[in-house]
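Structure first, commentary second.
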Amino acid sequence: MVRKWAGRAILVYILYVAVMYWYIFYGANTAIPDALRGTAADPATFLNARELKLSEEYSGLRNFIFFVSTPYEWLLYFFVLLFGISRAFEKSASAVTKRKVIQTGIYLFWLSIISYLALFPISFIGYWLSKNYHISTQSFTSWMKDGIIEFWVNFGMMFIIVSVLYWLMKKSAKKWWLYAWMLSIPFTLFLMFVQPVLIDPLYNEFYPLKNKELETEILSLAAQAEIPAEHVYEVNMAEKTNSLNAYVTGIGSNSRIVLWDTTLNKLKEDEILFIMAHEMAHYVEKHIYFGIAGYLGMTLIGLWLTSRIMNYVIKRWGHLLKVHSVGSISSLPLFLLITAMLLFISSPLSNFVSRYEETRADRYAIEMTGDKESAITTFQELTRSGLSQVNPPFLVKWLRYSHPTMLERISTIEKANAKGD
Numbered sequence: 001m002v003r004k005w006a007g008r009a010i011l012v013y014i015l016y017v018a019v020m021y022w023y024i025f026y027g028a029n030t031a032i033p034d035a036l037r038g039t040a041a042d043p044a045t046f047l048n049a050r051e052l053k054l055s056e057e058y059s060g061l062r063n064f065i066f067f068v069s070t071p072y073e074w075l076l077y078f079f080v081l082l083f084g085i086s087r088a089f090e091k092s093a094s095a096v097t098k099r100k101v102i103q104t105g106i107y108l109f110w111l112s113i114i115s116y117l118a119l120f121p122i123s124f125i126g127y128w129l130s131k132n133y134h135i136s137t138q139s140f141t142s143w144m145k146d147g148i149i150e151f152w153v154n155f156g157m158m159f160i161i162v163s164v165l166y167w168l169m170k171k172s173a174k175k176w177w178l179y180a181w182m183l184s185i186p187f188t189l190f191l192m193f194v195q196p197v198l199i200d201p202l203y204n205e206f207y208p209l210k211n212k213e214l215e216t217e218i219l220s221l222a223a224q225a226e227i228p229a230e231h232v233y234e235v236n237m238a239e240k241t242n243s244l245n246a247y248v249t250g251i252g253s254n255s256r257i258v259l260w261d262t263t264l265n266k267l268k269e270d271e272i273l274f275i276m277a278h279e280m281a282h283y284v285e286k287h288i289y290f291g292i293a294g295y296l297g298m299t300l301i302g303l304w305l306t307s308r309i310m311n312y313v314i315k316r317w318g319h320l321l322k323v324h325s326v327g328s329i330s331s332l333p334l335f336l337l338i339t340a341m342l343l344f345i346s347s348p349l350s351n352f353v354s355r356y357e358e359t360r361a362d363r364y365a366i367e368m369t370g371d372k373e374s375a376i377t378t379f380q381e382l383t384r385s386g387l388s389q390v391n392p393p394f395l396v397k398w399l400r401y402s403h404p405t406m407l408e409r410i411s412t413i414e415k416a417n418a419k420g421d
């Protein structure tokens, strides 16, 4: 029976990979609409022939890896259950100690190790591609260091979450999902508060903006937006990547706007000011707090659905998966499998909301700076530096893109110019 289910799962996965390969490289339409050919949104007007070729190749490969790796992780959790690996981890942890907290730590460590090793080839392929296409400048040693840091950061957070979660499952088999959600609220807020000062510095060096003349210009924009100046930071990314980025992170007194040094090195001052105005819009319009509220709402629904699905799966196929109760730590791969699938299913909605917020931030930045030309050239340079597709396939946009496509962003500005806005 185990071999039969495993064979079916592998067959479905192979068919899925074949379909996605056809869709990404042959079936999807990524051509520029005729009405936009020759405009600033047409990559042929700002990328040379080699850059056009590389952007299509690199974007296609990255998208394919995304669609391959997502169900691959699900398959991993399924096999860990199906072949009794999860049950074996639970037994080995129980043989070492009677203390439940330590048992949880031992079990989680082994599950984390097997997950890391199984997913490492896909992670390495992604790294190799970015190096081969000159997006990444990071050495293999540095990349591995970041991976090890990420492993232990994730392990530490998962240990806290899993320990509390399974304690709640044992205490309340019916309402653990509600109590877990209630505890997730302060935990989420705490993580968002400390991330800029405790977690992010583990990977990169952050410091106040060095360019004082640019800082003066940014201070002027910040004053208009009523944002404290100390929230603007620079991060050393040139030793890791050639791509450009800026983002808003943290909450409360730890909230800050962060600019990559690659952005500062490659963009003109007016283009940088447009990006800063865009990031300030997220601060002004409280997008971070709306994001927290949305995340917590989705978490409540997700935990409720997970509890229902887990109960049904264990009742129906628990003997096959070697899991006899929800409160058993051996059910963790099932919990991770269900939540990962629910997160994937909900991604079109969360991405849609994010794209709406990004569109509002673009509009705010244009209104604040009054410089539509710099907005266009900024988006063009972002496309060039990241070898991004201007018009990605439909499924890629809805399942991957938290920002509007460059085609949409640039063409929107051009239309506004044509109307004289």
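Numbering-wise, the UniProt record's numbering puts 39 at position 39 of the sequence shown, and it's gapless, one number per residue.
By construction, the Cβ of each residue, glycine as well, lies at the ideal position given by its N, Cα and C atoms.
(message) Taking only three categories from DSSP, how would you classify Arg-256?
(response) strand
(request) Within the same chain, show all residues whose beta-carbon is closer than 8 Å to that of Val-2, passing over the 5 residues directly before and after it, in chain order. (result) Leu-82, Phe-83, Leu-320
(request) Assuming Trp-304 contacts Trp-176 (C-beta within less than 8 Å), just tell me the rounded distance between them. (result) The pair is not a contact, with the Cβ atoms about 11 Å apart (cut-off 8 Å).
(request) Identify whether Ala-246 lies in helix, strand or coil by the three-state DSSP scheme. (result) strand
(message) Per the DSSP calculation, Phe-206 is bridged to which residue(s)?
(response) Val-235
(message) To the nearest angstrom, how far is the alpha carbon of Pro-121 from that of Leu-75?
(response) 15 Å
(request) May I have the straight-line CA-CA distance separating Leu-198 from Phe-155, to the nearest angstrom? (result) 16 Å
(request) Assuming Asn-63 and Ile-24 form a contact by the criterion Cβ under 8 Å, report the distance between their Cβ atoms to the nearest whole angstrom. (result) 5 Å
(message) Just list the residues that DSSP pairs Ser-130 with in beta bridges.
(response) Partner(s): none; Ser-130 has no beta bridge.
(message) Bridge partners for Thr-241 per DSSP, in chain order?
(response) Ser-136
(message) With H, G and I counted as helix, E and B as strand and the rest as coil, what does DSSP make of Gln-389?
(response) coil
(message) Within 8 Å, do at least three Cβ pairs link the stretch 331–344 to the stretch 232–249?
(response) no
(message) So the candidates are Trp-167, Asn-211, Met-157; which of them puts its Cα closest to the Cα of Met-192?
(response) Met-157
(message) For His-386 and Arg-99, I'd like the C-alpha separation in whole angstroms.
(response) The sequence shown places Gly at residue 386, rather than the His named in the question. Gly-386 and Arg-99: Cα-Cα distance of roughly 49 Å.
(message) So, does the stretch 379–393 touch the stretch 310–326, judging by three or more C-beta pairs under 8 Å?
(response) no
(request) With a 10 Å radius around its C-beta and 16 neighbouring C-beta atoms as the bar for buried, classify Trp-260 as buried or exposed. (result) buried
(request) Excluding the 5 residues preceding and the 5 following Phe-78 in the sequence, name in chain order all residues of the same chain whose CB lies nearer than 7 Å to its CB. (result) Ala-9, Leu-337
(request) Note down the Cα distance separating Ser-59 from Gly-126, rounded to an integer number of angstroms. (result) 11 Å
(request) Tell me whether the beta-carbon of Thr-377 lies closer than 9 Å to the beta-carbon of Lys-268. (result) yes
(message) Would Phe-67 and Met-20 be called neighbours here (beta carbons separated by less than 9 Å)?
(response) yes
(request) Count the other CB atoms, across all protein chains shown, that sit within 10 Å of the CB of Arg-256; report buried if there are 16 or more and exposed otherwise. (result) buried
(request) Can you tell me which of Gly-294, Ser-328, Met-368, Ser-325 puts its alpha carbon nearest to the alpha carbon of Ser-346? (result) Gly-294
(request) Assess, as a yes-or-no matter, whether the stretch 350–357 is touched by the stretch 95–115 under the definition of 3 or more beta carbon pairs within less than 8 Å. (result) no
(message) Between the alpha carbons of Gly-302 and Thr-39, how many angstroms are there, rounded?
(response) 43 Å
(request) With DSSP collapsed to three states, give me the class of Arg-62. (result) helix
(message) So, at 8 Å on beta carbons, what are the nonlocal neighbours of Tyr-283 in its own chain, with the 5 sequence-adjacent residues on each side left out?
(response) Ala-225, Ile-227, His-231, Val-248, Ser-255, Ile-257
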